[in-house]
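Chains A, B and C are the protein sequences, given in the same order.
Heads up: the first sequence begins at 0 in numbering that gives the first Met the number 0, then just goes up one per residue.
Heads up: the second sequence begins at 0 in numbering that gives the first Met the number 0, then just goes up one per residue.
Heads up: the third sequence begins at 0 in numbering that gives the first Met the number 0, then just goes up one per residue.
Glycine included, each C-beta is placed from N, C-alpha and C at the ideal position.
It should be emphasised that the depicted structure is a prediction, and the values quoted were computed from it without experimental measurement.
Single-structure report; data block below.
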Amino acid sequence: MIALLLRDLRLATRAGGGFGLGLAFFLLMAVLVPLGVGPEPALLARIAPGILWVGALLACLLSLDRIFALDFEDGSLDLLATAPIPLEGVVAVKALAHWLVTGLPLTLLSPVLAVLLNLPGPGYVWLVLSLALGTPALSLIGAFGAALTVGLKRGGLLLSLLVLPLYVPTLIYGAEAVRRGVDGQGALTALLLLAGITAGAAALLPFAGAAAIRVNLR
Amino acid sequence: MGASVSHDLPHCLRLRRPRSLVGSSGCRMDLTITNLACARGGVTVLEGVSLTLAAGRALVLRGPNGIGKTTLLRTVAGLQPAVSGRISPAPESLTYAAHADGLKAALTVRENLAFWAAVHGQRGVDAALKALNLTELQDRPAQQLSAGQKRRLGLARLLVTGRPVWLLDEPTVSLDAASVALFADVLRGHLAKGGAALIATHVDLGLDRAGVLDLTAFRAQGRRAGGGFDEAFA
Amino acid sequence: MSFWEYANPRRFMQTTAGLLPWLAGLSALCLTVGGIWGFFFTPDDFRQGSTVKIIYLHVPSAMMAINAWIMMLVTSLIWLIRRHHVSALSAKAAGPVGLTMTAIALITGALWGQPMWGTWWAWDPRLTSFLILTLFYMGYIALWSAVEDPDTAADLTSVLCIVGSVFAVLSRYAVNFWNQGLHQGASLSLDKEENISDVFYLPLLVCIAGFVLLFVTLVLLGTRTEIRARRLQALLARERMA
Chain A
0 MIALLLRDLR
10 LATRAGGGFG
20 LGLAFFLLMA
30 VLVPLGVGPE
40 PALLARIAPG
50 ILWVGALLAC
60 LLSLDRIFAL
70 DFEDGSLDLL
80 ATAPIPLEGV
90 VAVKALAHWL
100 VTGLPLTLLS
110 PVLAVLLNLP
120 GPGYVWLVLS
130 LALGTPALSL
140 IGAFGAALTV
150 GLKRGGLLLS
160 LLVLPLYVPT
170 LIYGAEAVRR
180 GVDGQGALTA
190 LLLLAGITAG
200 AAALLPFAGA
210 AAIRVNLR
Chain B
0 MGASVSHDLP
10 HCLRLRRPRS
20 LVGSSGCRMD
30 LTITNLACAR
40 GGVTVLEGVS
50 LTLAAGRALV
60 LRGPNGIGKT
70 TLLRTVAGLQ
80 PAVSGRISPA
90 PESLTYAAHA
100 DGLKAALTVR
110 ENLAFWAAVH
120 GQRGVDAALK
130 ALNLTELQDR
140 PAQQLSAGQK
150 RRLGLARLLV
160 TGRPVWLLDE
170 PTVSLDAASV
180 ALFADVLRGH
190 LAKGGAALIA
200 THVDLGLDRA
210 GVLDLTAFRA
220 QGRRAGGGFD
230 EAFA
Chain C
0 MSFWEYANPR
10 RFMQTTAGLL
20 PWLAGLSALC
30 LTVGGIWGFF
40 FTPDDFRQGS
50 TVKIIYLHVP
60 SAMMAINAWI
70 MMLVTSLIWL
80 IRRHHVSALS
90 AKAAGPVGLT
100 MTAIALITGA
110 LWGQPMWGTW
120 WAWDPRLTSF
130 LILTLFYMGY
140 IALWSAVEDP
150 DTAADLTSVL
160 CIVGSVFAVL
170 SRYAVNFWNQ
180 GLHQGASLSL
190 DKEENISDVF
200 YLPLLVCIAG
210 FVLLFVTLVL
220 LGTRTEIRAR
230 RLQALLARER
240 MA
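Pasting the structure below:
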């Protein structure tokens with residue numbers, strides 16, 4: 000399983016791996032939104048938590064279809080399914096690899112973009128914490144969605160349609176934690192609920208994802 | 000060794016397959032298929048397939064295109080559920096190689112092979128590279144290989160799985176005469192160590208102890224009632 | 000005789016063929032009676048006036064929107080566990096019906112909300128939950144139509160339905176949490192149970208029964224169509240094989 004994680008990380012960082020695309024998208028989002036809604040600092044400060052969370056979510060969405068589709072096309076998924084590591088483990092490791100190359104960099108980049116969006120001072124801690132706790136859930140849910148659509152020819156759009164409704168609770172708790180943090184209300188509840196979703200997703204979705212892959216391979 | 004596994008359960012509900020304790024090449028392993036029926040796209044294509052493949056032997060599957068050679072191999076490999084019948088041993092003694100080699104273009108030859116060795120908890124990457132004459136290419140990215148070289152790398156993967164029963168679907172596609180001979184040597188070496196191989200191929204590999212099974216005899220009649228799948232509706 | 004006998008497609012077709020006209024007639028009767036009773040023979044609400052009467056469409060459709068998903072969840076589980084094709088196909092048939100019910104609930108809600116709250120749409124927790132439910136239905140239906148092999152589609156949509164159910168419930172609570180402190184829920188609450196009187200309640204019950212019957216009729220009809228389509232496919236496949 001460690002071999003699989005290392006391979007996926009290596010593939011993502013080599014040429015053509017698509018690493019950084021999500022980050023670039025996230026950056027673009029933070030630049031385009033002020034251009035769209037106007038430069039007024041108070042307005043930007045109010046919408047910054049939501050924009051940053053929606054941006055992270057969409058940036059995450061961009062690379063989801065690559066989680067299994069590439070391995071499906073070149074036959075690796077067949078071979079992994081017959082390998083001694085359980086398919087549930089494969090799904091979990093692939094989600095982890097996806098998080099390491101998208102969610103984690105997004106989390107680390109977010110304070111810089113928060114400056115662009117004029118996020119008030121108390122929000123920074125909560126922004127980084129909520130993204131760090133919430134983006135793993137995005138990767139796990141995304142891996143499940145990718146497993147559902149792996150055999151389809153044009154799965155990309157369908158994948159978004161399947162995954163976005165599942166992202167709702169994560170988005171709500173994540174953005175809410177930052178908003179409450181900014182307002183000085185107790186953001187801890189939202190943060191704990193967010194962590195709960197991530198933990199639950201990590202415990203259950205690899206099984207659902209593996210079931211979907213088995214169906215798609217036969 | 001190797002519990003027999005019935006594939007009757009719904010595929011997505013089947014619990015994780017039991018880990019077999021024996022799996023390294025060199026152990027003797029018979030492959031037994033009993034009264035197997037398998038389906039493609041909801042239609043049963045083969046039925047009543049029974050065969051025994053003793054350790055050290057190879058069996059070549061013959062039959063016209065579309066008869067179900069790939070379907071049979073995928074079913075035996077555990078990638079799709081059998082309509083009925085039994086397969087022994089369990090899928091973790093088997094390894095499957097098909098048209099897609101599972102190679103990553105961005106990784107080098109050695110990295111590709113080392114990955115599959117690590118997944119199977121095996122060593123012997125160097126030996127596998129040598130056996131298929133890939134040692135000199137080992138640091139080259141897989142995307143720069145020719146079709147035949149890629150194929151050889153895909154076949155080298157079989158050696159690092161350490162599994163006794165090989166299921167090969169047209170293994171010699173895009174190989175030149177010299178490479179076919181090289182692969183036949185590898186296969187003979189595997190059989191000599193007590194392995195077994197079920198091969199769908201139209202090429203004569205020059206194996207002395209290989210049986211031939213023509214699948215035409217097992218073509219499903221398509222009128223059989225029951226057995227699940229779409230026949231419930233007809 | 001075991002209940003599961005009806006899971007045989009042929010048996011199901013026989014039974015429902017006789018049942019369907021009765022169900023359809025009964026649902027038409029309930030909807031007509033409930034509708035006329037509710038619209039013309041109940042007094043106007045002292046605050047809401049006659050707009051309150053949209054309740055006879057709004058509440059039953061909203062109930063069925065949720066119940067349809069629960070039914071899909073149950074039939075999906077039955078498909079995964081017992082592999083009865085009829086079960087999977089009835090879930091497939093329920094999808095569009097459920098989506099329509101959700102749409103009716105949202106549209107009647109907007110029509111009701113406009114005169115009452117002065118707006119067609121508010122991000123009220125319930126409204127938002129229903130909007131999210133619409134997205135779940137759309138994803139479910141899209142997955143059914145995207146996968147070519149029927150058994151694969153049934154398996155994948157069942158898994159999606161189960162996972163989706165968990166996330167739909169999570170979303171419901173998340174939305175409640177999210178809305179806190181932005182809206183005063185009470186004035187916009189759609190909860191009638193405490194202040195509704197029998198005059199309104201009885202015709203509402205008739206309407207709810209009508210919607211339940213309508214739903215069952217439509218799902219049975221849809222399931223029969225799906226079974227016929229599958230039968231056609233199976234016969235064509237057999238033709239090719241012969």
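Interface criterion not met: the Cβ of B/VAL48 is under 7 Å from no Cβ in chain C.
Any Cβ of chain C closer than 7 Å to the Cβ of A/GLU175 would place that residue at the interface, and such an atom is present. By the C-beta density criterion, A/THR12 is exposed, having fewer than 16 other C-beta atoms within 10 angstroms.
CA-to-CA, the gap between A/VAL177 and B/ALA116 works out to about 45 Å. Note that the stretch 50 to 61 of chain B does not touch the stretch 82 to 100 of chain B; fewer than 3 beta-carbon pairs, one per stretch, sit closer than 8 Å.
Counting C-beta pairs closer than 8 Å gives three or more between the stretch 177 to 191 of chain B and the stretch 129 to 149 of chain B, which meets the contact rule.
For the stretch 73 to 104 of chain A, residues whose beta-carbon sits nearer than 9 Å to a beta-carbon of chain B comprise ASP73, GLY74, SER75, LEU76, ASP77, LEU78, LEU79, ALA80, THR81, ALA82, PRO83, ILE84, PRO85, LEU86, GLU87. The beta carbons of B/CYS37 and B/ALA97 sit no closer together than 7 Å. Relative to C/LEU110, the option among C/ILE54, C/THR156, C/VAL211 whose CA is nearest is C/ILE54.
Chain-order list of chain A residues neighbouring C/THR151: GLY150, VAL214, ASN215, ARG217, by C-beta distance under 9 Å. Contact of A/ILE171 with chain C is assigned, a C-beta pair being separated by under 7 Å. When Cβ-Cβ separations below 7 Å define contact, A/ALA2 makes contact with chain B.
For the C-beta of A/LEU10, the chain B residues within less than 8 Å are, from N- to C-terminus, LYS103, ALA105, LEU106. Linking B/ASN34 to B/SER83 through their CA atoms gives a straight-line distance of about 7 Å.
Burial check for A/LYS152: the Cβ neighbour count within 10 Å stays below 16, so the residue is exposed. Between the alpha carbons of B/SER173 and B/GLN148 lies a distance of about 9 Å.
Rounded to the nearest angstrom, the Cβ distance from A/ILE84 to B/VAL118 is 6 Å, consistent with a contact under 8 Å. For B/THR160, the enclosing alpha helix (DSSP H) has its first and last residue at 146 to 160.
Around the beta carbon of C/LEU142, 16 or more other beta carbons sit within 10 angstroms, so the residue counts as buried. Remark: C-beta atoms of B/GLY123 and B/VAL164 do not approach each other more closely than 7 Å. Between B/ARG162 and B/THR69, the C-beta spacing is not below 7 Å.
Counting other Cβ atoms within 10 Å of its Cβ, B/GLN79 reaches 16 or more and is therefore classed as buried. When C-beta atoms of the stretch 76 to 83 of chain C are compared with those of the stretch 99 to 107 of chain C, fewer than three pairs fall below 8 Å, so the two segments do not count as touching. In the structure shown, C/THR151 falls within a helical segment according to DSSP collapsed to helix, strand and coil. Counting every other CB atom within 10 Å of its CB across the protein chains shown gives C/THR31 a total below 16, marking it as exposed.
Inter-residue distance for A/LEU157 and C/GLU147 is about 14 Å (C-alpha atoms, whole angstroms). With a threshold of 7 Å between beta carbons, B/PHE182 makes no contact with chain A.
In the same chain as A/ILE50, and ignoring 5 residues on each side of it, the C-beta atoms closer than 8 Å to its own belong to MET28, ALA29, VAL32, LEU116, in chain order. Following the DSSP letters along the chain, one finds A/SER159 inside the alpha helix (DSSP H) bounded by residues 154 to 182.
Taking a Cβ-Cβ cut-off of 8 Å, the neighbours of A/ILE196 in chain C comprise LEU169, given in sequence order.
About 7 Å separates the Cβ atoms of B/LEU152 and B/ALA141, confirming a contact at the 8 Å cut-off. For the options B/LEU204, B/ALA104, B/GLN137, the alpha carbon positioned closest to that of B/PRO170 is the one of B/LEU204. Contact between B/LEU214 and B/GLY62 holds: CB atoms are separated by about 4 Å, below the 8 Å threshold. The beta-carbon of C/PHE129 is placed no less than 7 Å from the nearest beta-carbon of chain A. The continuous stretches of alpha helix (DSSP H) do not include B/ARG85, which lies in the beta strand (DSSP E) extending over residues 83 to 87.
Judged by DSSP secondary structure, B/VAL59 falls within the beta strand (DSSP E) whose first and last residues are 57 to 61.
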